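Structure, as structure tokens:
So this is what it looks like as structure tokens:
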């Protein structure tokens with residue numbers, strides 16, 4: 021068993037030496053993601069939601085420096101005090117962050133300087149993990165694990181942000197060569213029922229989970245059925261061909277306004293060339309794979325499709341309860357497709373993990389009894405519980421050891437640059 | 021018993037003649053609300069959310085013309101075919117509505133012409149109610165009742181919109197003289213607990229209810245306590261004086277952005293003059309009433325206050341279950357204060373109905389099993405179930421016979437021009 | 021000779037009693053312009069450049085109150101001190117004006133109140149004119165004459181603003197019935213040459229002129245020729261039909277950007293219905309009059325047309341020197357067409373006065389030796405000498421006794437809501 | 021005599037071999053300007069007016085490829101056909117340019133690829149210059165000279181754009197070490213009169229001049245005096261300290277609006293730290309040099325300062341006629357200060373060339389008889405003759421062999437990122 025295959029949050033193995041291995045692996049993964057990049061590619065920000073790759077590399081280091089090294093590592097000397105302003109993302113109770121939409125206007129620090137920053141932080145962190153006094157360890161360890169999970173989130177964001185960056189360029193550069201999709205047919209869609217009842221949702225506490233997955237609590241579900249697999253590109257094309265983008269009756273009001281303002285006519289990254297649909301991938305432009313799950317749709321498009329198809333989106337609890345017994349496997353980042361592919365999954369309930377984040381109908385809200393953690397890291401999750409929606413299951417860009425059934429991702433309903441797709445539900 | 025005191029949705033009395041009385045009363049109420057206005061006051065639109073009073077008067081008539089007269093009243097001649105474009109609000113499956121943010125750019129039709137439109141619609145509607153064939157009645161009657169409830173909603177909007185209009189004017193004109201507040205002290209705030217359990221929420225079907233209140237369904241609540249009364253101006257001032265508007269740690273992220281973008285420092289309509297707080301009311305500028313419920317706050321402010329006060333906002337179900345046995349009475353429009361006042365309410369649970377719409381923590385979402393009604397009126401409620409939040413209980417501007425426990429009002433968390441306030445909850 | 025035909029600035033007749041007659045006539049003219057309006061029509065502002073008619077009526081009164089009555093009329097009691105903020109247009113050294121783009125958000129004061137304001141100002145002004153002490157008269161008289169010219173400028177603006185207001189309304193209401201155009205053919209366009217030489221431009225001082233027309237000064241012109249008449253709608257249609265709006269090579273860079281941003285495809289107020297061109301007029305929608313001068317074009321369109329036609333726009337001095345000996349007559353407001361018409365003019369140089377303001381190539385800049393007047397009225401003209409262009413000759417909405425050869429009107433090159441047209445020039 | 025000191029437009033020496041030397045030198049200069057940059061610095065665009073350095077490097081090559089190589093160089097193979105879209109600036113009659121405000125969103129082509137593009141163009145150009153057939157040479161040579169002047173303009177823009185880029189970064193990086201200013205005192209300001217008369221302005225035709233400097237023509241000037249030197253930082257500080265930025269009466273109306281919208285309180289790049297004024301330079305933050313000419317002011321600020329100081333800005337002709345006999349020397353780019361410095365100039369009329377571009381009162385308009393050149397290069401200058409103002413004299417960033425008395429630079433009155441300053445004039 022190597023560090024890279026360790027289940028990050030498995031408390032049983034989290035001795036300090038194992039934690040160092042994890043730390044080194046995850047930190048190295050961020051840099052490996054950037055390996056195919058030219059220096060220029062690290063600097064670009066194509067919309068407010070996107071951050072430059074070099075910002076991600078610096079910010080994740082700032083997180084360790086700010087929440088671990090400066091408070092806990094005696095004699096640690098701040099790498100560059102100006103970085104606190106530049107690389108604080110949104111921790112307003114800590115300091116004033118640099119304006120988010122202008123992260124792409126900074127040529128300095130250079131990529132090389134940020135790599136030096138990373139190296140300095142890594143060295144000090146390993147020192148801290150190795151030598152922190154026992155009485156501090158109880159406080160330090162969860163923050164380190166939080167920092168590593170945080171870094172993994174940014175790994176996925178680096179990939180989605182780079183995809184956006186390359187897609188805006190008329191040259192449509194490829195991030196790197198990707199393996200071809202496996203070429204399966206998509207399975208027939210079937211409906212998997214669940215009876216009315218009281219179930220449980222939320223984190224089980226055996227491994228790491230974010231504050232927003234707690235506390236585990238009872239939920240009351242009415243009888244419903246969940247689709248056996250996500251909606252495919254072929255199915256979504258039927259919706260388009262049936263005029264889905266020009267029928268206001270299918271759309272939420274905010275969705276219709278968004279569609280019109282932005283002149284949406286298909287998922288993000290789709291282009292029609294000579295009558296054929298293509299899509300931008302991290303491997304460059306490719307013909308649309310009709311069997312793969314549809315991807316890069318907003319929740320508005322997901323809801324409109326569901327309306328057209330006579331279904332609805334599942335709630336986060338319907339999803340979570342349905343997949344409770346499935347193993348966490350699928351087309352996640354480690355499969356290296358970096359693009360949703362047709363199911364190779366022979367479960368009854370297919371492709372729940374990986375491929376595409378699945379939009380739910382659930383507002384991202386606190387669970388009953390949720391408590392914001394103390395201190396500045398309390399800003400991590402809770403303050404975003406407004407106007408966003410929960411997505412479940414991870415995507416082809418999610419680290420394999422970073423996802424679980426209780427994981428709650430969240431984006432605004434208009435967001436499309438994540439690997440987000442659709443699974444239907446229906447009442448019974 | 022006069023028509024004006026009839027409970028609108030009491031099916032037992034909805035014979036046609038009673039419906040005519042109701043129809044006449046509600047239609048007349050809309051015009052009575054406008055009686056204090058100068059012609060100029062009917063025309064103004066001070067922000068996209070606000071509509072001119074004359075537009076409300078026309079649109080509510082368009083509703084009856086479009087959904088009742090044109091489809092069902094043989095020989096009815098459309099009053100003016102150009103009005104369909106002008107006075108359609110958002111029924112996109114029916115026709116293309118005139119641009120909402122520019123409703124205030126139309127000097128014509130004049131107020132007098134719109135009054136003629138109303139008269140023509142009223143006359144034809146009474147004819148339709150009186151003479152519609154029995155077999156059509158089953159289809160017609162619910163649409164008429166919907167139209168009357170629709171008109172009552174616009175009555176409240178007329179008042180909130182007029183308040184906004186008058187408040188933007190440096191002359192701070194008064195809509196009309198209002199009675200002085202009763203001058204009570206606010207009662208002490210106590211906490212009313214409810215045990216964990218499975219309860220029911222949603223409309224009971226004995227009277228009219230909107231589609232969004234259906235179906236009645238089981239909800240699982242954890243133990244919690246609800247505050248005995250809304251937060252008062254005095255309490256909210258403590259939050260302001262404690263720097264509430266300058267501590268980002270208290271705020272939702274979107275809320276903090278909104279606060280900063282709009283330079284919020286107090287509820288809407290508050291002004292400080294020579295060190296004293298005043299507030300704009302429909303009766304003009306008045307010194308702040310410290311005992312009255314705080315009003316014209318966004319959900320962001322409500323949530324920040326709750327955070328500061330160590331509580332949280334209730335969910336819509338916590339609210340609904342808690343008030344299930346209370347009679348529907350309070351400072352509603354018929355009390356004629358048109359401004360929240362200190363409680364004269366001696367219930368254990370006070371001021372649930374009237375005074376202020378109470379923000380909940382609940383996203384405005386479909387109930388399990390909710391179905392959008394067939395046809396164009398299906399656009400009435402369902403398509404707005406995105407990014408908005410549920411408010412409960414009605415306000416000082418709500419018609420007394422228009423509110424009930426299952427009533428779900430909904431606005432965006434940033435909205436402040438409604439009579440919206442705060443009631444706290446807390447976990448037990 | 022009646023007051024209405026008096027040449028306003030004829031010093032010989034400006035005894036006080038004649039000035040009173042002029043004052044009364046011009047003040048009454050403003051109200052006569054509003055006579056066809058409904059109360060609602062007075063309140064609307066359809067873009068930032070437009071002001072509500074009632075604002076014009078109040079502002080012109082504020083001008084007399086502020087610059088004459090308050091400083092010079094002993095015992096004058098300010099009509100309403102809040103009006104200073106509301107009706108100050110842009111005199112920043114006097115007080116803080118109410119935000120210009122939101123003048124249409126004020127329902128109060130009502131039209132009736134503004135009429136009372138006008139009456140009070142009129143009464144006090146006539147008292148002031150009658151009784152001002154001799155030593156003050158030298159200071160007062162030019163301010164009164166400025167105020168009357170100011171009011172005449174607003175009379176034209178009321179008409180252009182009302183046209184814009186009615187044109188935005190899908191009902192296309194007519195301001196009032198207008199006489200039909202005279203139905204002439206447009207004359208052939210010929211070229212009138214002028215030799216190189218030193219000429220004079222600027223105001224001659226025999227009558228009233230604005231500060232911006234001073235001082236009269238020498239100008240050096242190279243040989244050129246001026247078109248005998250403005251460009252007609254028929255000629256402009258040829259430009260459109262030749263793809264004028266889709267050939268960037270014809271346009272100034274700023275013009276092309278403006279065209280694309282605003283999706284211009286024809287002059288303002290033109291509409292194509294069933295293949296025929298119509299245009300909105302103050303008398304409602306009318307078929308395009310092919311012989312009339314083209315109107316409601318920006319300077320960008322004027323310059324693009326000139327480029328396409330192989331000419332250029334004249335400078336203000338070429339225009340002024342060419343028309344120096346022409347009598348001031350033409351289709352001005354008193355002709356009552358309120359729309360440009362084909363020439364009935366038998367001069368060699370036709371339609372210089374009236375019909376359309378003629379865009380020049382000249383930036384609106386100070387004449388050599390220009391001095392801004394002392395005091396707040398110094399803000400009248402000089403501070404606008406940036407990024408605007410000079411227009412000459414008056415329009416069908418200009419009072420006949422308000423125009424002269426040295427008159428310099430000025431607007432931004434993008435502006436189209438004035439009665440603005442094109443006369444070509446060319447080098448020799 | 022080396023190529024770098026050759027006067028570019030001296031026709032006497034423009035044999036082909038000399039032209040090759042010039043070509044090589046100017047092309048190399050562009051790359052030398054970039055020598056201090058990190059790869060990241062080449063990619064950033066901090067506002068719409070700014071272009072990334074790598075874009076400048078590519079666009080100037082595109083100019084030669086598009087207007088020389090593709091039409092004239094047989095067998096030239098387009099380097100990359102996608103570059104035409106990316107690196108066309110604004111030649112709309114040629115092709116559709118990539119959106120200007122998003123030039124900074126392109127990470128590819130990389131800097132290295134653009135350097136390869138430059139090398140390929142250079143090689144082919146030298147081949148073309150060497151071997152073009154005689155009959156083509158008359159057509160080719162002026163285009164090459166235009167291309168070299170074009171490249172020199174972009175050299176200045178690279179420096180001003182880089183300054184803007186570094187100044188937005190909180191780290192305030194320095195472009196490179198700069199020599200210290202010479203440390204002179206500024207001379208006393210005196211006034212140099214010129215009599216009324218007819219003078220000549222425009223290009224003399226002995227060397228290269230842009231189309232916009234033609235034709236040379238007579239101008240009539242009234243008597244005036246020109247200040248002997250530009251306004252200094254010390255003088256401008258007096259204006260600031262006297263409340264210049266808070267007195268609307270000093271400002272043009274558009275200027276005041278711009279000041280308020282952008283919260284201007286001092287020239288661009290000024291910062292107050294602990295009560296002292298500093299300014300960003302290409303050599304990083306430096307204390308304000310009180311003796312140096314004020315720089316990075318808009319024309320609005322220049323005009324407000326002139327109003328406050330009791331003067332005015334000169335017209336472009338007053339400036340040009342006054343300096344007609346001065347040699348072209350001063351603090352231009354070759355002096356290597358890259359920042360305005362106090363005069364070392366002992367002329368009566370000082371610092372006319374170099375240091376700061378001097379705002380004039382003249383709208384950028386065609387000279388009498390101006391003709392737009394044929395073909396796509398006709399878009400070079402003429403289409404920008406709208407709403408911009410003429411600046412004279414070059415700056416510390418202008419190549420020494422690129423400026424002359426008839427040179428007309430032009431920017432919008434709000435623009436501040438050029439090295440733009442103020443010289444006063446006054447009437448006599």
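Chains as they are written, first to last, in our numbering: chain A, 21 to 448; chain B, 21 to 448; chain C, 21 to 448; chain D, 21 to 448.
Don't be surprised by glycine CBs; every beta carbon is placed ideally from N, CA and C.
Predicted, not measured: the structure shown is a model, and the values here were computed from it.
Item: Amino acids of chain A, ordered along the chain, whose beta-carbon sits closer than 9 angstroms to that of residue 242 (chain B); Value: 237, 238, 388, 389
Item: Separation of residue 72 (chain A) from residue 291 (chain D), as counted between CA atoms; Value: 28 angstroms
Item: Counted within 10 angstroms of its Cβ, other Cβ atoms place residue 121 (chain B) as buried (16 or more) or exposed; Value: exposed
Item: Buried or exposed by the 16-neighbour rule on C-beta atoms within 10 Å, applied to residue 233 (chain A); Value: buried
Item: Buried versus exposed, by CB contacts within 10 Å (16 or more), residue 340 (chain C); Value: buried
Item: Coarse secondary structure for residue 173 (chain B), derived from DSSP in three states; Value: helix
Item: Local Cβ density within 10 Å of residue 336 (chain B), reported as buried at 16 or more and exposed below that; Value: buried
Item: Neighbour list for residue 272 (chain C) in chain D, Cβ cutoff strictly below 8 angstroms; Value: 403, 404, 405, 406
Item: Straight-line Cα distance separating residue 106 (chain D) from residue 118 (chain D); Value: 5 angstroms
Item: Proximal residues of chain B, C-beta to C-beta of residue 188 (chain C) below 9 angstroms; Value: 122, 125, 126
Item: In DSSP terms, what residue 367 (chain C) is bridged to; Value: Paired residue(s): none; residue 367 (chain C) is not in a bridge.
Item: Beta-carbon proximity check, residue 441 (chain C) vs residue 399 (chain C), cutoff 8 angstroms; Value: no
Item: Option nearest residue 101 (chain A) by Cα separation, candidates A:174, A:137, A:80, A:48; Value: A:137
Item: Residue nearest to residue 331 (chain C) in terms of C-alpha spacing, selected from C:444, C:388, C:369; Value: C:444
Item: Chain B contact for residue 265 (chain A) (CB, 8 angstroms cutoff); Value: no
Item: Beta-carbon neighbours of residue 281 (chain D), restricted to chain A and to distances below 9 angstroms; Value: Chain A residues near residue 281 (chain D): none, gap ~18 angstroms exceeds 9 angstroms.
Item: Same chain, Cβ closer than 8 angstroms to residue 264 (chain A), neighbours up to 5 away in sequence not counted; Value: 270, 324, 325, 328
Item: Three-way DSSP call (helix, strand, coil) for residue 382 (chain A) in this model; Value: strand
Item: Rounded separation between residue 110 (chain C) and residue 112 (chain B) - CA only; Value: 43 angstroms
Item: Backbone secondary structure at residue 232 (chain B) - three-state DSSP; Value: helix
Item: Exposed unless 16 or more other CB atoms sit within 10 angstroms - verdict on residue 43 (chain B); Value: buried
Item: Selection from D:181, D:123, D:236 that minimises the alpha carbon distance to residue 427 (chain D); Value: D:236
Item: Under 8 angstroms between C-beta atoms of residue 430 (chain D) and residue 384 (chain D); Value: yes
Item: Three-pair Cβ contact test at 8 angstroms for the region 361-373 of chain B versus the region 64-81 of chain B; Value: no
Item: Rounded straight-line distance, which links the Cα of residue 298 (chain D) to that of residue 306 (chain D); Value: 6 angstroms
Item: 6 angstroms Cβ shell around residue 202 (chain D) - same chain, five flanking residues per side excluded; Value: 361, 364
Item: 8 angstroms Cβ cutoff, residue 334 (chain C) in contact with chain D; Value: no
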